[in-house]
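What the sequence shown shows, in mature numbering (1 follows the signal peptide of the UniProt record, and there is no 0), is residues -27 to -1, 1 to 233, in sequence order. Heads up, the beta-carbon is just placed ideally off N, CA and C, and yes, glycines get one too. From a predicted model like this one, the values you see are computed outputs, not experimental measurements.
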Amino acid sequence: MKRMTPLLTLLSGAVTAAVLFTMSAQASPPATQPAAETGPPAAAAPPTDTEADGDADAEAPVDEEQPDPANTRPAQTSPPAAPDGSSAGTEVAVVEQNWIGELENGATIAITVKGGKAEAYVCDGRSVELWLSGTVKDGKIELTGKDAKLTGIIRGDRASGEMVIGVRRWKFTARPDDKVVDEAVAKSGSGTAPAIYRATDEVRKAGIDGGWIMLPDGTQIGIVTWNGKPIPAPPLDPAFYSTMVNGVTVTAEPVIPGAR
């Protein structure tokens, strides 16, 4: 019995120590887990089809309505309005004065004056015509043409005189025509619109000649010489100063004293 006493004492101490260790372990806080080693993050699992569709819808910008290519042609613009004939932008020649009247034989005469020089055209609108040139100074008219001479005098608003062709003589009277050209379209200042027109040099080189008088009432009288034969002149288009004769376009230009 005495031999068992130390053994019991030893076992009792061991049991007591074991109980105390167990109680201490339960009372201690849990040990922290060691930090994971630093490294690249694991790749995320690929999204499912449903998630991918949802993300695409969320991230894709809202498409604006795209125009139909067939409807993207430039808008058509209206053609510009036709310019007013009095200010179409094309400069026109002017003269100082026109005198328009008649001879005793019924032919029409037009005298146009600029800078003391003058040009005249006489025609009956059927078969008789004559071109003259000269001067108008100090109220005196002195013009000459082929086998012809015209003299006269200006008093106030009336010009009168005589035209001589060979041995034949005709008196004439004329009144001023003051159709004014807007200064905005005149070549040099304001002035009177030309009253006499003649076929251009190019047309005359082709063997066609023509003369026109613009009468105060807006009508025209003239003669076209076609293959050497005079015929009544069709009226000129006031927009282009041209006309058609036997299917050919004949263009005219104003007769300006001193321009040739």
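Short of 7 Å in beta carbon distance, which residues of its chain neighbour residue i, apart from the five on each side in sequence? Order them along the chain.
i	result
V176	V223, T224
A121	L103, L105, M136, V137, I138
K90	T108, P230, G231
K87	V68, E69, I229, P230, G231
Which class does residue i belong to by DSSP, given the choice of helix, strand or coil?
i	result
D120	coil
E175	helix
G183	strand
G164	strand
Taking 8 Å as the threshold (C-beta atoms), are residue j and residue i in contact?
i	j	result
A83	I196	no
L116	A80	no
P227	I73	no
Please work out which residues of its chain come closer than 6 Å, Cβ to Cβ, to residue i, disregarding the five sequence neighbours upstream and downstream, and give them in chain order.
i	result
P130	In the sequence under discussion, the amino acid at residue 130 is Asp, which differs from the Pro named in the question. For D130, where only same-chain residues beyond five positions count, the Cβ hits under 6 Å are P149.
S100	P203
N78	W143
Report all residues from its chain with a CB closer than 8 Å to the CB of residue i; omit the five preceding and five following residues, and keep chain order.
i	result
S133	G125, I126, K144, F145, T146, A147
N219	W199
L76	I82, V95, M136, W143, K144, F145
D221	First, the amino acid is wrong: residue 221 is Val here, not Asp. Answer for V221: I181, listed in chain order.
Could you compute how far the alpha carbon of residue i sits from the alpha carbon of residue j?
i	j	result
L123	A168	18 Å
I204	P211	20 Å
D182	A172	6 Å
I194	A206	7 Å
D111	T85	15 Å
T216	K119	27 Å
A179	G201	12 Å
G98	P208	11 Å
R128	F213	36 Å
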